[in-house]
DNA sequence: TCAGTGATTAGG
DNA sequence: CTAATCACTGAG
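Residue numbers (the working numbering): 3 to 175.
Written out as structure tokens, the structure is:
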């Protein structure tokens, strides 16, 4: 196991997203305990032209972090209750992010962040240097199978983008 | 199926 | 300031 470095995150989101499957999300809690979670489901949000991406409406205080270099964390609240965990990818001024939808043991992005105790304080966290949240790769899982499908909950994105198969799932059963 | 929930955003 | 929006969940 070793922590993923910046060059992993600075690629195009469509490369990074499927590549995150089979990797481990590692969280060090406030009591110093460390837990690792296999990433099983992600979605790619790609730039200003992707109408499902929050950055499609332009740069705002909330989406600002997506315009940074890959390797940062984008966290936001949805439906007044649930924090969503995203990982910023690509280079400066290219707004892309990967939504972590599922990890082993927890299905659903809302439950995931609740279990990992992730909230707004993680907005902008650097996954390369952070002491409480990062990603590790495992040499064991060299062979994995990936399935893709349209993204969830983005009917507003228009015909072209809502049907893009930018949701990736692990299926090595 | 559908209500709860509050940050974020655009518009006066 | 106000009103609309929303990458979800759980109860029924």
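Even for Gly, the Cβ is constructed at its ideal location relative to N, Cα and C.
Mind checking residue i: buried by the 16 CB within 10 Å criterion, or exposed?
i           : result
residue 21  : buried
residue 121 : exposed
residue 60  : exposed
residue 55  : buried
residue 163 : buried
residue 141 : exposed
residue 3   : exposed
residue 67  : buried
Can you tell which of the options has its C-alpha closest to the C-alpha of residue i?
i           : options           : result
residue 154 : 15, 120, 167      : 167
residue 24  : 54, 71, 40, 35    : 40
residue 95  : 63, 129, 70, 4    : 70
residue 12  : 74, 58, 88        : 74
residue 37  : 156, 173, 134, 93 : 134
residue 156 : 7, 58, 26         : 58
residue 117 : 127, 138, 65, 87  : 87
residue 52  : 171, 32, 165, 27  : 165
Just verifying my parser: in three-state terms, what is the DSSP assignment at residue i?
i           : result
residue 67  : helix
residue 160 : helix
residue 54  : coil
residue 96  : coil
residue 112 : helix
residue 175 : In this prediction, residue 175 has a pLDDT of 38, which is less than 50 and means its spatial position is unreliable; what the coordinates show is noted afterwards. Three-state result, residue 175: coil.
residue 117 : helix
residue 151 : strand
residue 128 : strand
residue 88  : strand
residue 23  : coil
residue 101 : strand
Touching or not, the segment 78-98 and the segment 107-127, by the rule of three or more beta carbon pairs under 8 Å?
-> yes
Determine contact between the segment 99-110 and the segment 46-59, defined as no fewer than three beta-carbon pairs at a distance below 8 Å.
-> yes
Are the segment 10-17 and the segment 143-152 in contact at 8 Å, needing three or more beta carbon pairs?
-> no
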